[in-house]
Amino acid sequence: MVHARPDAGNTDEGNTDGGHDRESPGSCKRVLEPAEIRRVVTRIAHEILERTHGADDIVLLGIPTRGVPLAQRLAGRTAEFEGRLVPWGSLDVTMYRDDLRLRPARALGRTELPPDGIDGKTVVIVDDVLYSGRTVRAALDALTDLGRPRSVQLAVLVDRGHRELPIRADYVGKNLPTSQREMVRVHLAETDGEDAVLLGEWKGELA
Amino acid sequence: MNRHLISAADLSRDDALLILDTAEELARMSDRPIKKLPTLRGRTVVNLFFEDSTRTRISFEAAAKRLSADVINFSAKGSSVAKGESLKDTALTLEAMGADAVVIRHVASGAPHRLAGWIRGHVINAGDGMHEHPTQALLDAFTIRRRLGLQPGAGDTGPGGRTRRSASRTAGRGGGRTGPARPGGLDGVRVAIVGDVLHSRVARSNIALLNILGAEVTLVAPPTLLPIAVDGWSCEVGYDLDAVLPKTDVIMMLRVQQERMIAAFFPSVREYSRRYGLDAGRMAMLPEHAIVMHPGPMNRGVEIAAEVADSPRSTIVEQVANGVSIRMAVLYLLLSGAELTAESRRPGR
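Structure (structure tokens):
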């Protein structure tokens, strides 16, 4: 996933995979290695358990594409630590985005809630990169149409700054100071064959 | 995707699969407490119907409303068309009202194509004369895919026990990325289209789309109800329904369109029904997994027996429900994207 803008202001974190394979590797700096990603996910899982006192009534919802495997990993960690699996699912926000008119229509991801739903639960939204905050805003709207959680929290692997909305994450894997000319790419084994967080110069338009 | 949806033949395989996959996600929404998405807020969709229709018009209306678009229904009866207004003047009126999309049904083949040259909005063909009805073909393909368990990721949630024909399926969920051969087609599925092919826009659109998706199509009809140019179509033609039935995964019964028949095409309704109608006896000759489809409205007792129409193998009610999902997908993919560029703004594309 490409996380950068050619000009500030109108695009978003971009949950489409457009342009993902167009960048030539090599010009990117690896910011997080697989082992670090593993430790970061473990730490976030611990933080969620700590802050929610054992993760009762927690639902982890990943935003496609790469938030979903992250949510699944977090659920797996909590199962290791507490002996029971926290319900997890996916939350597609495409239809709720505010930039639909700015780019060609895109394919939808899947929304799949755990069987017990989200009413009265604490929902933790999980995404790979927090940037402008617009994806999270869309996710909050999407949640409203699915039910009424008791509270909503946000967990991200990377926070790269440059927020355009009053949104902050409750759990951050790594704060990554970036310029808007840069792009942050997250690779996960489930979707990309390897775990890595890459930082590189912006080259070219999003597909 | 093209700017308009006028003919199923204009779709590429990727376009068609994008529509089907989008509809797949949208169909899941019908179980939700709030069946509405904000995606097309502020957009206006005009239903321009010059010919009678219940399910198609209601289906488009429901689809547009679930995406939060404003819907204006226009039917020729009781409008200025009854006073002699031309299609072009009607179109310009809609244009002036700021219609972002016009869903048109017209008795004349080619009317949507003409309309697309006059207005800036997107034109969606909801049936033009004996030409095409692309959203019907899409919803039929969608229904086949679901019933035969061929949609990508069907193994995750779909009911098991059916023959799987697709060679490759996407691994995992969401499946945003696609390889060269996008899965989810209808490759190798044997479809028989039976009955009044000559007058049927549904048949024309279905043959085009089924070919695009890799299915094998056989037409079965009395010679008088086949178009003269049928030799040029990429499908088999048969005249003996009983011979075709055992080799069929999907049988699509067409309505005998008496309102379009200006001459006698067969000796009597009874004879037609005996040779080309689907009754329980014939249904038993189909393979066990085969499904029975009908675009509606049905003439029970003519092309399809009531016991067949009401059997669990019939998908007729499902087709209506799937129609809303398909039309939502089409409206979403045509309307939600980037504003028109100078190139796409050129009329007539």
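First to last, the protein sequences are chains A and B.
Under the working numbering, the first residue of the first sequence is numbered 120, with each subsequent residue one higher.
Under the working numbering, the first residue of the second sequence is numbered 893, with each subsequent residue one higher.
The beta carbon of each residue, even a glycine, is placed where N, CA and C say it ideally should be.
These figures come from a predicted structure and were not determined experimentally.
Take residue i and list the residues in its own chain whose beta-carbon comes closer than 6 Å to its own, dropping the five residues that flank it on each side.
i, result
"B/I898", "P1004, H1005 and N1017"
"A/P188", "L307 and E309"
"B/R905", "I1104"
"B/R949", "N939 and F941"
"A/A315", "R149 and H306"
"B/N965", "N939"
"B/H1025", "G1019, R1093, V1094 and S1097"
"B/L1111", "I1085, V1089, C1127 and V1129"
"A/A274", "I163, V243, V245 and Y290"
"A/R203", "none"
Any C-beta of chain B sitting closer than 9 Å to the C-beta of residue i?
i, result
"A/T230", "yes"
"A/G266", "yes"
"A/A226", "yes"
"A/D314", "no"
"A/P223", "yes"
For residue i, which residues does DSSP report across the bridge?
i, result
"B/V937", "B/V963 and B/A993"
"A/N294", "A/D278"
"B/I1016", "B/L897 and B/V995"
"A/D249", "The residue asked about is misnamed: residue 249 of chain A is Leu in this sequence, not Asp. Bridge partners of A/L249: A/D278."
"B/L1206", "Here residue 1206 of chain B turns out to be Ser, not Leu, going by the sequence shown. Answer is B/V1184, bridged to B/S1206."
"A/S209", "A/G181 and A/E231"
"B/G1130", "B/V1112"
"B/I1196", "B/L1170 and B/R1192"
"B/K969", "Answer is none; B/K969 lacks a bridge partner."
"A/Q272", "A/V243"
"B/I1085", "B/L1111 and B/M1144"
"A/H306", "A/A315"
"A/R149", "A/L317"
"A/E199", "DSSP output for A/E199 lists no bridge partner at all."
"A/E301", "A/E320"
"B/E1024", "B/D1020"
Let me check understanding here. Comparing Cα to Cα, which of the options lies closest to residue i?
i, options, result
"A/E313", "A/P183, A/E320 and A/R304", "A/R304"
"A/M278", "A/D289, A/Q272, A/Y290 and A/N294", "As written in the sequence, residue 278 of chain A is Asp, which differs from the Met given in the question. Selected option, being the one with the closest Cα: A/N294."
"B/V938", "B/D1032, B/F952, B/A1000 and B/P925", "B/F952"
"B/L1101", "B/A991, B/I964 and B/Q1028", "B/Q1028"
"B/Y1164", "B/P1179, B/L1133 and B/L1042", "B/L1133"
"A/D218", "A/Y290, A/P153 and A/A257", "A/A257"
"B/W1010", "B/A1033, B/G1021, B/H998 and B/D981", "B/D981"
"A/S251", "A/T297, A/A164, A/P153 and A/P183", "A/T297"
"B/C1127", "B/R1205, B/R1082 and B/D1171", "B/R1082"
"B/L1137", "B/E943, B/I1183 and B/T931", "B/I1183"
"A/R267", "A/Y290, A/I244, A/L284 and A/I237", "A/I237"
"B/R1147", "B/I996, B/M1185 and B/A915", "B/M1185"
"A/R287", "A/V271, A/Q299, A/R300 and A/E301", "A/V271"
"A/L249", "A/E152, A/R185, A/E166 and A/A154", "A/R185"
"A/I242", "A/Y215, A/R222 and A/G208", "Going by the sequence as given, residue 242 of chain A is Val instead of Ile. A/V242 has its Cα closest to that of A/G208, out of A/Y215, A/R222 and A/G208."
"B/V1109", "B/P1119, B/R895, B/L1117 and B/M1144", "B/M1144"
"B/T914", "A/D235, A/R157, A/A190 and A/R225", "A/R225"
"A/G292", "A/C147, A/A154 and A/S146", "A/A154"
"B/D944", "B/I1196, B/K969 and B/R924", "B/K969"
"B/P1044", "B/E1210, B/S1203 and B/E917", "B/E917"
Between residue i and the rest of its own chain, which residues show a CB-CB distance below 8 Å, the 5 nearest in sequence each way excluded?
i, result
"B/Q1149", "D1088, H1091 and S1092"
"A/T161", "R196"
"A/G239", "D176, R267, P268 and R269"
Under 7 Å Cβ to Cβ from residue i, same chain only, skipping five residues before and after it: list those, please.
i, result
"A/V205", "A174, I177, L179, A194 and T197"
"A/E201", "L168, G173 and A174"
"B/S1001", "D1020, G1021, M1022 and H1023"
"A/D211", "P183, L227, G228, R229 and T230"
"B/S1228", "T931 and L932"
"B/L909", "R1074, G1076 and G1077"
Is there a Cβ of chain A sitting closer than 9 Å to that of residue i, yes or no?
i, result
"B/K957", "no"
"B/G1076", "no"
"B/I926", "yes"
"B/R920", "yes"
"B/T931", "yes"
"B/M893", "yes"
"B/L897", "no"
Within the 9 Å Cβ cut-off, does residue i reach chain C?
i, result
"A/D260", "Among the protein chains of the structure shown, namely A and B, there is no chain C."
Members of the stretch 204-221 of chain A that neighbour chain B once the beta carbon cut-off is set at 8 Å: The residues in question are S209, D211, M214, Y215, L219, R220 and L221.
Using a Cβ cut-off of 8 Å, which residues of the stretch 996-1027 of chain B contact any Cβ in chain A, in chain order? Correct list: empty, as no residue qualifies.
The stretch 149-169 of chain A: which residues have C-beta closer than 7 Å to a C-beta of chain B, in chain order? Shown here is that no member of the stretch 149-169 of chain A has a Cβ falling below 7 Å from a Cβ of chain B.
Residues of the stretch 902-918 of chain B with a CB closer than 9 Å to any CB of chain A: list them in chain order, please. Listed by position, the residues of the stretch 902-918 of chain B near chain A (Cβ gap below 9 Å) are L910, D913, T914, E916, E917 and L918.
Taking any Cβ of chain A, which residues in the stretch 1214-1230 of chain B have a Cβ under 9 Å from it, in chain order? Those residues of the stretch 1214-1230 of chain B placed with their C-beta closer than 9 Å to a C-beta in chain A are A1221, Y1224, L1225, L1226, L1227, S1228, G1229 and A1230, ordered along the chain.
Given a limit of 7 Å on CB to CB distance, which residues of the stretch 234-246 of chain A reach chain B? Taking 7 Å as the Cβ-Cβ cut-off against chain B, none of the residues of the stretch 234-246 of chain A qualify.
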